[in-house]
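Just so you know, the sequences run in chain order L and Z.
Those letters in the first sequence? Residues 234 to 502, by the numbering used here.
Those letters in the second sequence? Residues 499 to 780, by the numbering used here.
Beta carbons: idealized from backbone N, C-alpha and C, even for Gly.
All values derive from a computational prediction rather than experimental measurement.
Take a look at the structure set out below.
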Amino acid sequence: MLRDITFGQYYESHSLIHKTDPRVKIVLLFLLIIFIFLAQNGFALGFAAASVLIIMLITKIPFKLYLKNMKAILPVLIFTAVLNLFYGESGRVLVSFWKLQITTDGVSRAIFMAVRITLLIFISSALTYTTTPNDLTDAIERLLSPLKFVGLKNAVHTLAMMMTIALRFIPTLIEEAEKIMNAQKARGADLENGKLTERVKALIPILIPLLISSVRRAYELAEAMECRCYNGGEGRTRMKQMHMAGRDFIVLGASLVICGGIITLNILL
Amino acid sequence: MDSIISVKDVTYEYKDEETTVAAVKALSLEIERGSFTVILGHNGSGKSTLAKMLNGLNKPTSGDIFVDGINTKDEENEIEVKRKVGMVFQNPDNQIIASIVEEDVAFGPENLGVPPKEIKKRVDDALRAVDMLEFKESTPHRLSGGQKQRIAIAGIIAMQPECLVLDEPTAMLDPKGRAEIIETLIRLNKEKGITVVLITHYMEEAQNADRVLVMNDGEIIADDKPKVIFSDVERLKRVGLDVPQTAELLYNLKKNGFNVDTHALSIKEAANEIIKALHSEE
């Protein structure tokens, strides 16, 4: 049951976006998100939406996988949209009750917000579907590496090492949690029935052994790392080198065109 | 004798608030370069404590250990000692650092600052040496215990050590995984000339060794070829170790008046001994 939880959502479909340098992808994700929120009028937002849809098509990821990610965020989306309905300051009043009123301005605000959030989810899914968690960690380490010049040398390396180890141990710990749950069930623990408070209490005999064993694992791992000459980030080399290739510049260029387009439409219309 | 590791009058004490327990007592030992040594002992015999001192993970309370002439207490050469004497532990899960096999094997050489191109070559060589090259891009948690332990060994081999110390590497594996590991170790020893120090409590794993040491209560109580060690069934039983079934059978036959050679270790040798004895009865 727990084993079904996959960490990260990588989906292999050999697209151009899959092969793009993860560093480029992360930077572009942030850039596009900023520009999606900068789009002020319908044309600019429509252009952004069309661009995001094209990117989604290029990834060759089944559309229903994107929708699956939408489902989780849907309550937040609806809440934000409804809230925005009442924030219209100008425009024709459509509905009015108590102290609240919905204006045409409010409706357009709500639609804008909903579209922006949807695009945000789609574009970030496009990153996580096309990049393995390991590549993401690596890319974040390399992107943050300029921080070492402002005295955060070890922080960047430590953060990346922590992420690597966390990713490595998630499946191991899930397996362990499953074993402990089965062991407690065999001793008569009831994990599925009862009131919420009872079920929360039933988790304690699972969490405590899991915590203790994790601490033991951490200790053994530290010894094993020491035996493999680990000495912090100093003097360390990396087997995998990241090089920007031609296609990375194409993706970069295309994204800049999208951003330029949004700004142009903002100003012109 | 050309020793890769010299242990000179080493004592190791675990200190509590009140009591001091000596896990290793005034022990001296030479490990010959290129040899395959097995250290046997039951739980609490001090064998793991000794293992952790061989690469400087633990420092002796008194006495000195030299690895290729370098004292393990010498802080400046700590990394070099750990590179020369690679260490593999019991639980493969707690030794694997990365979520992709090749990245995990690369961890050691990366720490040593080896250039990227050279790391790639070393990773391939190490994976080939443990016969796991085809799993280069797999995720460790999808592999079997024996395969994971071979990855852990490859991670050490990639640092190009001169000696491999393994602390009960087969204790958590099934019989198939155990056989895989022992086979790998024999091959590394014979083909690559890597010195192997295998710590275990499975007698069967000691059969292929050049030399077997038996530890009890922090001391070495026997040091000889496997055949000699196992023929002394009574002594092994006295220190709480199980004797290989063949050795025990031959021992009992001999005690009951059959003329068998108790030095036979493998099932085939033992069978031949028994047949010979039966023929001579007639």
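- In terms of Cβ geometry, residue 595/Z and residue 401/L form a close pair [threshold 8 Å].
- The Cβ atoms of residue 244/L and residue 294/L sit closer than 8 Å to each other.
- Classified as exposed, residue 773/Z has fewer than 16 neighbouring CB atoms from the shown chains inside 10 Å of its CB.
- When Cβ pairs closer than 8 Å are counted between the two stretches, the stretch 608-624 of chain Z is seen not to touch the stretch 661-673 of chain Z, the count staying below three.
- Chain order gives the chain L residues near residue 613/Z as 470, where near means a beta carbon separation below 7 Å.
- Counting C-beta pairs closer than 8 Å gives fewer than three between the stretch 388-398 of chain L and the stretch 411-418 of chain L, which falls short of the contact rule.
- The beta-carbon of residue 585/Z is placed less than 8 Å from the nearest beta-carbon of chain L.
- In terms of Cα proximity to residue 776/Z, the closest of 753/Z, 765/Z, 758/Z and 730/Z is 758/Z.
- A Cβ-Cβ distance of about 16 Å is found for the pair residue 692/Z and residue 549/Z, leaving them out of contact under the 8 Å criterion.
- CA-to-CA, the gap between residue 331/L and residue 316/L works out to about 16 Å.
- Proximity to residue 642/Z across 736/Z, 679/Z, 586/Z and 660/Z peaks at 679/Z, based on C-alpha coordinates.
- Between residue 748/Z and residue 771/Z, the gap from beta carbon to beta carbon is short of 8 Å.
- Straight through space, the alpha carbons of residue 393/L and residue 251/L are spaced by roughly 22 Å.
- Contact annotation: residue 645/Z and residue 667/Z have beta-carbon atoms that are not nearer than 8 Å.
- Residue 664/Z sits close to residue 586/Z, with the two beta carbons spaced by under 8 Å.
- In this structure, residue 592/Z keeps its C-beta atom at 8 Å or more from the C-beta atom of residue 256/L.
- Bounds of the alpha helix (DSSP H) holding residue 655/Z are 643-655.
- Taking 8 Å as the upper bound for CB-CB distance, residue 356/L and residue 262/L are in contact here, some 6 Å apart.
- Here the alpha carbon of residue 483/L sits roughly 33 Å from the alpha carbon of residue 391/L.
- Beyond the five residues adjoining it in sequence on each side, residue 540/Z comes within less than 8 Å, by CB distance, of 699, 714, 737, 738 and 739 in the same chain, given in chain order.
- Looking at the DSSP output, residue 713/Z sits in a beta bridge with 718/Z.
- 507/Z is the residue among 545/Z, 507/Z, 573/Z and 535/Z whose C-alpha sits nearest the C-alpha of residue 563/Z.
- In this structure, the beta-carbon distance from residue 527/Z to residue 718/Z falls below 8 Å.
- In this model, residue 615/Z and residue 470/L are separated by some 11 Å (Cα to Cα).
- Under the Cβ criterion of 8 Å, residue 605/Z is counted among the residues facing chain L.
- CA-CA distance, residue 339/L to residue 632/Z, rounds to 60 Å.
- According to the DSSP assignment, residue 677/Z belongs to the alpha helix (DSSP H) that extends over 673-689.
- Within the same chain, 318, 327 and 328 come within 6 Å of residue 335/L by CB-CB distance, once the 5 residues on both sides are set aside.
- In this structure, DSSP gives residue 272/L a state outside helix and strand, which the three-state scheme calls coil.
- One finds nothing in chain Z with a Cβ atom closer than 7 Å to the Cβ of residue 413/L; even the nearest lies about 15 Å away.
- Closest in C-alpha terms to residue 473/L, from the list 584/Z, 538/Z and 604/Z, comes 604/Z.
- Closest by C-alpha distance to residue 597/Z, out of 702/Z, 676/Z and 635/Z, is 635/Z.
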